[in-house]
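Asker: Mind having a look at this structure? Questions to follow.
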Amino acid sequence: MNRIVCDASSIITLSSNCLLWLIEKFEIEFCIPPYVKKEAVEVPIKSRRHGLDAMRNGNFMTKCMKVLETDQGMRDNLLKLANSIFVSGKHNFSIIHYGEIDALTVAKKHGINTVMVDEKNTRLLLEDRPLLRKIMERRMGHKIQINSEAEAEFVKLVGDIKVVRSSELVAAAVKRDIFRWQYPKRELLRNALFALKFKGCAISEGEIVEIVNAVAPLGGSE
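Residue numbering for the sequence shown follows my numbering, starting at 94 and increasing by one per position.
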């Protein structure tokens, strides 16, 4: 069975849209690292505002997801390298945190090649670091350098891990008729993807249009 490691961002996005149940519909083992359970359940469960959501997430994780052990040494090393890649003068930019790096660590430790992360920086850190640098330069208003040594070591350790988002999961669910709702696929998918976007999934409107046209093209059969 294929396996995917999830970070807290993807779980919270799905949960916030009442779509966490989709995970049960795929023949995939969805896994989480210990730190993600802390982020999505153990910390917010103490909050009056988010306590019930945390309980619901915790109940679902217990039934439908597997917690995998992390490697603290590997995690700390990856975190240090990732946050040393982008530099301005003597200042390193912290672009990734324990939740995301723990997902990558667990994936490497257990031989899993896919992680589900909705946070933009993590995805671009793995897939398109030059673009991430351009985005950071626009935000900061000045040039940012890449520490090639830290970058090379990070890439070597992480390997060929693939990043997917909750949007890909939902698109696959619509394509496979998992929803079984009364609405046309095209409208359902568009509205679902925008809902994910507004709850934290890093997906652009252009990407939404592309996904909708690919999964449910105009004039296609429902």
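All residues carry an ideal CB built from backbone N, CA and C; glycine is no exception.
Expressed to the nearest angstrom, what Euclidean distance is found between the alpha-carbon atoms of Pro228 and His235?
Answerer: Note that residue 228 is Ile in the sequence shown, not Pro. Taking the straight line from one Cα to the other gives about 11 angstroms.
Asker: So, for Ile237: in the same chain, excluding its five sequence neighbours on each side, which residues have a beta-carbon less than 6 angstroms away from its beta-carbon?
Answerer: Phe179, Ser181, Arg226, Met229 and Glu230
Asker: Quick check: what's the CA-CA separation for Met209 versus Leu107?
Answerer: 11 angstroms
Asker: Within its chain, find whatever has a CB closer than 8 angstroms to the CB of Ala295; leave out the 5 residues flanking it on each side and keep chain order.
Answerer: Asp211, Glu212, Lys213, Arg216 and Arg258
Asker: Would you kindly work out how many angstroms separate the C-alpha atoms of Leu286 and Ser241, rounded to a whole number?
Answerer: So the alpha carbons of these two residues sit roughly 36 angstroms apart.
Asker: If contacts are defined as beta-carbon pairs under 8 angstroms, then Leu115 and Ile304 qualify, I think. What distance do you get, rounded to the angstrom?
Answerer: Their Cβ separation, rounded to whole angstroms, is 15 angstroms, which puts Leu115 and Ile304 out of contact at 8 angstroms.
Asker: For Ser102, which option in Leu174, Gly192 and Gly151 has the closest C-alpha, if you only look at C-alpha atoms?
Answerer: Gly192
Asker: Would you kindly check if the distance between the Cβ of Leu289 and the Cβ of Leu171 is under 8 angstroms?
Answerer: no
Asker: What do you get for Asn162, buried or exposed, if any count of 16 or more other CB atoms within 10 angstroms of its CB means buried?
Answerer: Per the sequence presented here, residue 162 reads as Glu, with Asn not at that position. Glu162 should be labelled exposed.
Asker: Classify Val302: buried if its beta carbon has 16 or more other beta carbons within 10 angstroms, exposed otherwise.
Answerer: exposed
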